[in-house]
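Protein chains in written order, with the numbering used here: chain A, 51 to 315; chain B, 13 to 577.
Notes follow the structure.
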Amino acid sequence: MTNILETTKVVKRFGGLVAVSDLTFSIPQRSIVSIIGPNGAGKTTFFNCITGFYNIDEGDIVFNGRSVKGRSPDQIARLGISRTYQNIRLFSSMSTIENILVGMEPQLHSNWVGALLHTPKTVKEEREALLEANRLLDFVGLRGKGDDLARNLPYGDQRRLEIARALASKPKLLLLDEPTAGMNPRETAETTEFIQNLRDVLDITVLLIEHDMRVVMGISEHITVLDYGKKIAEGKPAEIQSNPQVIEAYLGRGAAASATIEVSV
Amino acid sequence: MAQTANFSKAVRLGLIAGIVALSVSAIGMVQTFDVRDIITGVLTLGQLLLFSTALVAGYFSWQKGEGVAPVGAILRGLVAGLLTAVPPIALVFLTIIWPGIRNSFVNVSADLIEILTFGQTPVVGSLMLLVVMGVLGVIGAAFDLLPRRIQKPLFSGLLWTLVIGLLSEILLLILRPYTPRSVLNFLFGAKGITPITAVIVFVLAVGISAWWDAQGKQAMQHRRAEMAPAKAKQLRRLNIGLGVAFVLILPVIMGTYLTEVADIVGTFILMGLGLNIVVGFAGLLDLGYVAFFAIGAYVMGLLTTQGDLGIGGLSFWAALPFSVLAATLAGIILGVPVLRMRGDYLAIVTLGFGEIIRVLVVSDLLKPYIGGAQGILQIGKPQVMGFVFVQPEHYYYLILAGCLLAVFVSWRFRDARIGRRWMALREDEDVAEAMGIRLVSTKLMAFATGAAFSGLAGAIFASRLSSIFPHSFNLLISINVLSLIIVGGLGSLPGVVVGALVLVGLPELLREFAEYRMLLYGALLIVTMLLRPEGLWPSPIRRRELHAAELDHRPDDSEDAKSMA
């Protein structure tokens with residue numbers, strides 16, 4: 051199986067702090083992979099490196115055979131990487147449907163002349179974009195909420211909308227930063243199923259940061275554990291669960307001797 | 013009981029209102045505004061300004077739902093009103109013990125004291141002021157006791173009377189050619205409307221407002237709901253047609269002087285539409301917007317002047333594209349270095365850019381080319397098949413065409429992909445970039461479009477005045493334009509028009525305002541931000557955004573969603 055994303059010895063420093071250190075890591079095509087680790091382990095920083103928010107100091111990140119190093123976030127988005135955010139970052143005073151339409155940006159080609167003159171090409175593109183956006187709205191279960199302002203949606207819907215916006219660019223790789231944070235058990239279960247569907251139905255590779263171990267252990271095919279910016283373990287869920295280094299990182303040295311990760315944490 | 017317990021709010025508000033009354037008196041506003049009558053012999057603008065403080069203090073001196081009984085409410089109003097009178101009375105007595113006060117406060121004149129004391133002796137006058145303010149406080153407080161169906165007509169009656177009184181000079185100007193002298197003398201006094209007119213206007217406004225609330229509104233909505241879609245469309249077309257016809261014949265109604273004012277307002281509308289794209293749509297705070305206006309004007313001036321500085325000697329129409337193009341290019345040139353800047357930093361840099369252009373224009377360095385402080389004279393006038401644009405009325409149509417073009421472009425862009433990109437940029441630049449939006453082209457497009465409108469406005473401005481001087485292009489223009497789009501409603505196209513009418517049109521018409529223009533801008537901006545942060549005429553989305561809680565789902569929204577799904 052080919053890898054859609056490969057990173058080799060990625061280093062990101064903030065002054066003296068090494069946030070991501072020598073991270074070599076790969077995601078197979080059509081897989082669901084999770085990154086876990088204690089708070090401050092560098093998970094989100096790593097996301098920001100992949101999506102071009104941060105320039106990496108050393109190493110290389112290759113997506114679909116092309117290096118993303120030095121590319122701007124919009125170029126990387128156009129290559130087919132899309133993401134959501136740990137604390138929801140919607141365009142809050144735009145409507146739900148407009149949020150999705152902005153997400154479709156890499157798919158659109160009309161220019162300002164077309165917008166001014168309403169050329170048939172532009173009109174057609176806009177109409178199709180609206181249809182597609184409505185389909186996505188349906189897909190994430192927000193039917194009928196297209197004209198609501200994003201900030202007026204309930205929390206769970208906002209999370210869904212953020213995923214819909216990320217899907218709108220037709221990504222090959224989707225980065226989800228704590229998609230179930232703040233959700234109740236029922237919503238979490240729904241979201242887990244939803245993420246699985248993304249891969250199974252839409253063929254999207256998913257990279258996940260998640261704290262909820264039930265989600266992580268339930269859907270990931272592969273897990274990478276970060277601590278202090280370093281990879282301390284990787285493998286299948288079962289292997290990670292019993293890895294003493296992981297337990298130490300989460301629970302401290304003393305606990306590591308006797309405990310295994312409580313799946314129900 | 014709560015009535016007796018809590019007078020602190022009334023006391024506080026009364027004192028604040030009193031200090032406001034003292035301040036507007038001491039800076040000379042009351043006296044300056046006293047020259048303009050609203051109702052001849054009854055009320056001047058100065059008195060209105062002075063006394064409205066007590067009225068407002070009384071109105072806010074208690075809150076519904078505080079469990080205040082009517083008597084308690086009126087008592088609170090009385091306290092607030094009486095306290096409002098204290099600082100001005102203190103001023104009156106201060107002038108007696110300190111006769112040299114005018115050396116420090118030049119505006120504390122005998123005239124002002126006469127206004128404050130109603131022309132009586134200090135003691136009698138102060139007592140009168142106390143009584144008047146107290147009564148006004150009580151009226152203000154009592155207003156809130158009235159049921160809503162009485163409040164609203166009363167308020168609109170008051171408002172209409174004041175507005176018509178205030179604008180009597182203009183109405184007189186419009187009506188004079190068509191109306192017999194005797195009728196005019198009956199309706200208008202020397203500088204305001206006559207008391208009889210005031211009563212007529214008040215009664216009419218109260219009546220119409222009461223009728224509208226009681227029946228008219230419902231009947232109208234009912235009829236509109238019953239109307240067949242085709243007919244509704246016809247009606248809308250008719251309305252638009254009437255609107256267009258009205259705007260087209262406006263110069264004929266208004267006469268030359270008012271048309272000239274309309275030209276000034278129109279120029280600001282055109283600039284406002286441009287800045288609205290930059291600030292309102294894309295969220296890029298530009299404080300040097302006047303620079304593009306200046307560039308448009310100077311290019312027009314240089315290319316068409318018959319003076320020594322002229323280059324090319326083009327006609328107005330030939331020079332116009334160059335003006336717009338030059339401003340657009342300047343917009344892009346300014347845009348490139350500030351691409352990575354946000355918020356305050358962007359504002360400072362653009363502010364600097366505006367000043368650089370102004371300094372360059374007055375500089376000795378460029379004096380041989382663009383005239384320095386002497387400016388450019390004899391700038392060309394537009395011609396259409398031998399007809400030369402000279403009168404304000406002619407320019408009115410030119411400016412109108414420019415505004416319509418700008419509205420059209422703004423409207424098309426707003427609803428297109430580029431508009432969504434701008435708004436995404438305004439909401440969250442980082443996320444917008446991560447969604448695949450190219451920041452460079454998106455920002456430059458906003459700067460370029462905004463600058464183009466401003467350049468167009470500048471070109472027409474130069475031609476209309478036929479001479480331009482550097483001092484016409486100062487920072488205040490940028491601030492004016494920014495204020496008017498904020499007061500009108502950021503991102504709203506009708507808001508720009510309303511903002512320009514209020515912030516540019518009114519001060520032009522009421523000359524007394526000119527001296528206190530900046531003060532009024534500041535006050536108006538603060539009041540807008542506090543009471544109506546979305547502006548006077550917000551765009552529908554912003555209205556929903558800020559008052560979302562008050563707004564139930566509008567029926568047409570869910571219908572839209574259904575038809576889309």
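Yeah, the Cβ is synthetic: ideal placement off N, Cα and C, and Gly gets one too.
This structure is a prediction, so every number in the text was calculated from the model and none was measured.
Outcome for residue i when other beta-carbon atoms lying within 10 angstroms are tallied against a minimum of 16
| i | result |
| --- | --- |
| G431/B | buried |
| K195/A | buried |
| I109/B | exposed |
| E243/A | exposed |
| D356/B | exposed |
| S375/B | exposed |
| L216/B | exposed |
| W329/B | exposed |
| R97/A | Strictly speaking, residue 97/A in this sequence is Phe, with Arg absent from that position. F97/A should be labelled buried. |
| W423/B | exposed |
| A299/A | buried |
| W74/B | buried |
| V8/B | There is no way to answer for residue 8/B, as the model of chain B reaches only from 13 to 577. |
| L248/A | buried |
| T133/B | exposed |
| W223/B | exposed |
| S221/B | buried |
Chain-ordered chain B contacts of residue i [CB-CB under 9 Å]
| i | result |
| --- | --- |
| A127/A | E445, A446, M447, G448 and I449 |
| L224/A | Here the premise fails: no neighbours, minimum Cβ distance about 12 Å. |
| T94/A | By Cβ distance, chain B contributes nothing, its closest Cβ being about 13 Å from T94/A, past 9 Å. |
| T101/A | A446 |
9 Å Cβ cut-off: residues of chain A touching residue i
| i | result |
| --- | --- |
| M435/B | F141, S143, M144, E148 and V152 |
| M541/B | Simply none; closest approach about 17 Å. |
Chain B contact residues for residue i, given Cβ-Cβ distances below 8 Å
| i | result |
| --- | --- |
| L248/A | Ordered by position in chain B, no residue passes the 8 Å Cβ test against L248/A, which lies about 18 Å from the chain. |
7 Å Cβ cut-off: residues of chain A touching residue i
| i | result |
| --- | --- |
| I430/B | W162 and A165 |
| V80/B | Result: empty, since nearest Cβ-Cβ is about 35 Å, beyond 7 Å. |
| V421/B | L166 |
| M457/B | W162 |
Partners in chain B for residue i, counting only beta-carbon separations shorter than 7 Å
| i | result |
| --- | --- |
| D207/A | The contacting residues do not exist; D207/A stays about 14 Å from chain B at best. |
| R133/A | A446 |
| P156/A | G448 |
| S71/A | Neighbours of S71/A on chain B: none; closest Cβ ~24 Å, over 7 Å. |
Residue nearest to residue i in terms of C-alpha spacing, selected from the options
| i | options | result |
| --- | --- | --- |
| I39/B | W434/B, F117/B, L537/B and Q246/B | F117/B |
| S490/B | R370/B, A153/B and P99/B | R370/B |
| L451/B | G392/B, L518/B and G347/B | G347/B |
| L276/A | V60/A, A91/A and D253/A | A91/A |
| I151/B | I176/B, P192/B, Y71/B and G177/B | Y71/B |
| Y135/A | I297/A, S270/A, I106/A and L211/A | L211/A |
| Y533/B | S551/B, G503/B and N492/B | N492/B |
| S64/B | V147/B, I101/B and S138/B | V147/B |
| Q208/A | G115/A, Y104/A, V68/A and L140/A | L140/A |
| Q163/B | D49/B, T191/B and G219/B | G219/B |
| T113/A | D250/A, I54/A and N161/A | Before going on, a small fix: residue 113/A reads as Phe here, not Thr. Among D250/A, I54/A and N161/A, the Cα nearest to that of F113/A belongs to I54/A. |
| L151/A | D197/A, V265/A and T169/A | D197/A |
| L87/B | T107/B, A154/B, V68/B and T44/B | A154/B |
| V175/B | L67/B, M145/B, L60/B and V144/B | L60/B |
Closer than 8 Å at the beta carbon, the chain A residues around residue i
| i | result |
| --- | --- |
| R424/B | A165, L166 and H168 |
Near the ligand SAH: residue i beta-carbon under 7 Å from a heavy atom
| i | result |
| --- | --- |
| L223/A | Absent from the structure shown: the ligand SAH. Ligands present: none. |
Worksheet item: If you pair each beta-carbon of the segment 85-97 of chain A with each one of the segment 249-263 of chain A, do three or more pairs fall below 8 Å?
Response: In short, these stretches touch, since the Cβ pair count reaches three.
Fill in: Contiguous alpha helix (DSSP H) assignments of at least 4 residues, all confined to the segment 206-260 of chain B
207-223 and 229-238
Discussion item. Does the segment 289-304 of chain B come into contact with the segment 362-371 of chain B, if we say contact requires no fewer than three beta-carbon pairs (one atom in each stretch) closer than 8 Å?
Written reply: Touching, yes, given that three or more Cβ pairs across the two stretches are closer than 8 Å.
Discussion item. Restricting to runs no shorter than 4 residues, where is the alpha helix (DSSP H) found entirely within the segment 119-189 of chain A?
Written reply: Runs found: 123-129, 146-153, 162-167 and 170-189.
Item to complete: May I ask you to verify whether the segment 511-521 of chain B touches the segment 277-293 of chain B, counting CB pairs closer than 8 Å and requiring at least 3?
Response: yes
Discussion item. Tell me whether the segment 312-328 of chain B and the segment 471-480 of chain B touch, counting them as touching only if at least three CB pairs, one residue from each stretch, are closer than 8 Å.
Written reply: yes
Worksheet item: On the three-pair Cβ rule with 8 Å, is the segment 257-274 of chain B touching the segment 433-451 of chain B?
Response: no
Worksheet item: Using 8 Å as the Cβ pair cut-off and three pairs as the minimum, do the segment 388-400 of chain B and the segment 249-269 of chain B touch?
Response: Under the 8 Å Cβ criterion, the segment 388-400 of chain B does not count as touching the segment 249-269 of chain B, having fewer than three qualifying pairs.
Worksheet item: Is it a yes or a no for the segment 91-106 of chain B touching the segment 27-47 of chain B, going by three-plus beta-carbon pairs under 8 Å?
Response: yes
Worksheet item: Are there three or more Cβ pairs, one per stretch, closer than 8 Å when the segment 229-236 of chain B is compared with the segment 162-182 of chain B?
Response: no
Worksheet item: If you scan the segment 41-108 of chain B from start to end, which runs of the alpha helix (DSSP H) of 4 or more residues do you find wholly inside it?
Response: 41-45 and 57-72
Discussion item. I'd like the ranges of any alpha helix (DSSP H) spanning at least 4 consecutive residues and lying wholly in the segment 76-123 of chain A.
Written reply: 93-100
Worksheet entry | Every unbroken alpha helix (DSSP H) within the segment 134-210 of chain B, with a cutoff of 4 residues, ordered by chain | 134-155, 160-178, 180-187 and 193-199
Worksheet item: Counting Cβ pairs, one atom from each stretch, are 3 or more of them under 8 Å apart for the segment 223-234 of chain A and the segment 120-138 of chain A?
Response: yes
Discussion item. Could you tell me which whole alpha helix (DSSP H) segments of length 4 or greater appear in the segment 292-333 of chain B?
Written reply: 302-316
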